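Undergrad: Please find one structure pasted underneath; my questions will follow.
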Amino acid sequence: YKPVILRTHSPVELHIYDEQGRHTGEIPIPPEVIAEYDIEEGLYVRYENNIPGSQFEATGGLDNETTIYLPDDDGKYTIVLKGTGTGTFSFDIDRLMDFVVDRVRYSNIPVTPLSVATTTLEIPPIVADAATTSWMVTPLAKSLMVDFDGNGTDDAAAEPNAELPPTVYLNAIRSTIVAALGDTNRAKQLLKRVDKIEKNVMKGKDDKIFAAAMRLFKRTEIVGHKERVGLSEGDKEEIIAQIETLVAQFE
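Laid out in structure tokens, this is it:
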């Protein structure tokens, strides 16, 4: 058994769906259980392995790593990643035999608790080329479509093995501020601070963006994924508090 391995290093939930709609990934802890035992957000993970041959694993710590193993069965899958904190995430796909024969990585993708990223995964047959003693492998990767603020519209397309420009990260912050605060004075003041950061980026200081984002990620509190519709005042404050901490690191 040689699996296809999907792994996140990030504040995101990893969900996989097969063509029959079966799901492997996290599932909510019942509210009554949270209330009874006073469970802290992100402390425990409840999951299901409904895709045949799949296996879910999660580890805590700084990496907040989630891994799903899928059978190498020529299947087609939908991948959904939901943000649970503010910072950046990376997402790897490895196809194995006696060695890794295909590896894809999406790196430093902006994320907030409102973010949703989606892509598709096709696992084609591996064909041995006897003439060259090599393996013919059709690429597994598609573009990763990212909706930064959870409004149902894709804001960026992250390509495999390439990084998004820092200005995209700043746009993610802007759209999340507007989603949480609307057209308020607090939003306008915070957006001005982001505009000032962008000027520094245009002056060639863009390396500061990802360095600061990764520093924040290592300390980010996992607040859980938030749906934009019905966002409570408490949820908004949690999201904005994380963004203000991030913005402060650029100043």
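Residue 32 is where the sequence shown starts when you use the working numbering, and the numbers rise one by one after that.
Think of the CB as a built atom: it goes at the ideal place given N, C-alpha and C, for glycine as much as any other residue.
Owing to the predicted nature of the structure, the values given are computational and were not obtained by experimental measurement.
Determine the burial state of residue 75: buried for a count of at least 16 other Cβ atoms within 10 Å of its Cβ, exposed for fewer.
TA: Taking the first residue of the sequence shown as 1, we reach residue 75 at position 44. It is exposed - the Cβ of residue 75 has fewer than 16 other Cβ atoms within 10 Å.
Undergrad: Check each candidate in 191, 112 and 186 and name the one with the smallest Cα separation from residue 198.
TA: Locating residue 198 in the sequence shown gives position 167, counting from the first residue. The residue with the shortest Cα to Cα distance from residue 198 is 186.
Undergrad: For residue 231 and residue 280, I'd like the C-alpha separation in whole angstroms.
TA: For this step, residue 231 is matched to residue 200 along the sequence shown. For this step, residue 280 is matched to residue 249 along the sequence shown. Each residue's alpha carbon lies about 13 Å from the other.
Undergrad: Roughly how far, in whole angstroms, is the beta-carbon of residue 156 from the beta-carbon of residue 114, given that I think they are within contact range, below 8 Å?
TA: Looking up residue 156 in the sequence shown gives position 125. Looking up residue 114 in the sequence shown gives position 83. Rounded, the Cβ-Cβ distance is 34 Å, inconsistent with contact.
Undergrad: Cβ atoms of residue 34 and residue 78: under 9 Å apart, would you say?
TA: The sequence position of residue 78 within the sequence shown is 47, counting from 1. The sequence position of residue 34 within the sequence shown is 3, counting from 1. Against a cut-off of 9 Å, the Cβ pair of residue 34 and residue 78 comes out as no contact.
Undergrad: Kindly identify the DSSP beta-bridge partner or partners of residue 108.
TA: Along the sequence shown, read from residue 1 onward, the residue named residue 108 stands at position 77. DSSP lists 49 and 152 as partners of residue 108.
Undergrad: With a Cβ-Cβ cutoff of 9 Å, do residue 210 and residue 176 count as a contact?
TA: To locate residue 210, count along the sequence shown from 1; it is residue 179. To locate residue 176, count along the sequence shown from 1; it is residue 145. Cβ distance not < 9 Å, so residue 210 and residue 176 don't count as in contact.
Undergrad: Where do the N-terminal and C-terminal ends of the alpha helix (DSSP H) with residue 200 fall, by residue?
TA: The residue you call residue 200 lines up with position 169 of the sequence shown. Start and end: 197-212.
Undergrad: So who's on the other strand from residue 136, going by DSSP bridges?
TA: Here residue 136 is taken as the residue at index 105 of the sequence shown, counted from 1. Bridge partners of residue 136: 123.
Undergrad: Note down the Cα distance separating residue 273 from residue 182, rounded to an integer number of angstroms.
TA: Sequence index remark: in the sequence shown, residue 273 carries index 242 (1-based). Sequence index remark: in the sequence shown, residue 182 carries index 151 (1-based). Residue 273 and residue 182: Cα-Cα distance of roughly 19 Å.
Undergrad: Does DSSP classify residue 179 as helix, strand or coil?
TA: Mapped onto the sequence shown, residue 179 falls at position 148. The answer is coil: DSSP assigns residue 179 none of H, G, I, E or B.
Undergrad: Going by other Cβ atoms of all chains shown within 10 Å of its Cβ, with 16 needed for buried, is residue 139 buried or exposed?
TA: Within the sequence shown, the letter at position 108 stands for residue 139. So residue 139 ends up on the buried side.
Undergrad: Measuring CA to CA, which of 127, 40, 282 and 184 is closest to residue 89?
TA: As a first step, residue 89 must be located in the sequence shown, where it is residue number 58. Nearest C-alpha to residue 89: 40.
Undergrad: Is residue 62 helix, strand or coil by DSSP?
TA: Along the sequence shown, read from residue 1 onward, the residue named residue 62 stands at position 31. In the structure shown, residue 62 sits in a helix (DSSP, three-state: H, G or I).
Undergrad: Give the single residue among 109, 86 and 104 whose Cα lies nearest to the Cα of residue 52.
TA: As a first step, residue 52 is located in the sequence shown; it is residue number 21 there, counting from the start. Comparing Cα-Cα distances from residue 52 to each of 109, 86 and 104, the minimum goes to 109.
Undergrad: Look at the Cβ atom of residue 47, then the Cβ atom of residue 82, and state whether they are nearer than 9 Å.
TA: Translated into the one-based positions of the sequence shown, residue 47 becomes position 16. Translated into the one-based positions of the sequence shown, residue 82 becomes position 51. Yes, these two residues count as a Cβ contact at 9 Å.
Undergrad: Entirely within the segment 79-104 and at least 3 residues each: give me those beta strand (DSSP E) ranges in chain order.
TA: Counting only runs of 3 or more, we get 86-89 and 96-101.
Undergrad: Does the distance from the CB of residue 38 to the CB of residue 96 come in under 9 Å?
TA: By 1-based counting over the sequence shown, the position of residue 38 is 7. By 1-based counting over the sequence shown, the position of residue 96 is 65. Yes, Cβ-Cβ distance for residue 38 and residue 96 is below 9 Å.
Undergrad: So, are the CB atoms of residue 254 and residue 269 less than 9 Å apart?
TA: Taking the first residue of the sequence shown as 1, we reach residue 254 at position 223. Taking the first residue of the sequence shown as 1, we reach residue 269 at position 238. For residue 254 and residue 269, yes; Cβs fall inside 9 Å.
Undergrad: Taking the alpha carbon of residue 121 as the point to measure from, which residue in 133, 103 and 141 has its own alpha carbon closest?
TA: Here the question's residue 121 lines up with position 90 in the sequence shown. That would be 141, whose Cα lies nearest to the Cα of residue 121.
Undergrad: Using a Cβ-Cβ cutoff of less than 7 Å, which residues in the same chain neighbour residue 218 once the five nearest sequence positions on both sides are dropped?
TA: Here residue 218 refers to the residue found at position 187 of the sequence shown. The answer, listed in chain order, is 208, 209 and 212.
Undergrad: Identify whether residue 261 lies in helix, strand or coil by the three-state DSSP scheme.
TA: To locate residue 261, count along the sequence shown from 1; it is residue 230. Residue 261: coil per DSSP, three-state reduction.
Undergrad: Can you tell which of 124, 125, 180 and 105 has its C-alpha closest to the C-alpha of residue 154?
TA: Numbered from 1 along the sequence shown, position 123 holds the residue referred to as residue 154. Nearest of 124, 125, 180 and 105 to residue 154, Cα basis: 105.
Undergrad: Where residue 146 and residue 192 are concerned, what is the direct C-alpha to C-alpha distance, given to the nearest angstrom?
TA: For the purposes of this step, residue 146 is taken as the residue at position 115 of the sequence shown. For the purposes of this step, residue 192 is taken as the residue at position 161 of the sequence shown. Those two C-alpha atoms are separated by around 21 Å.
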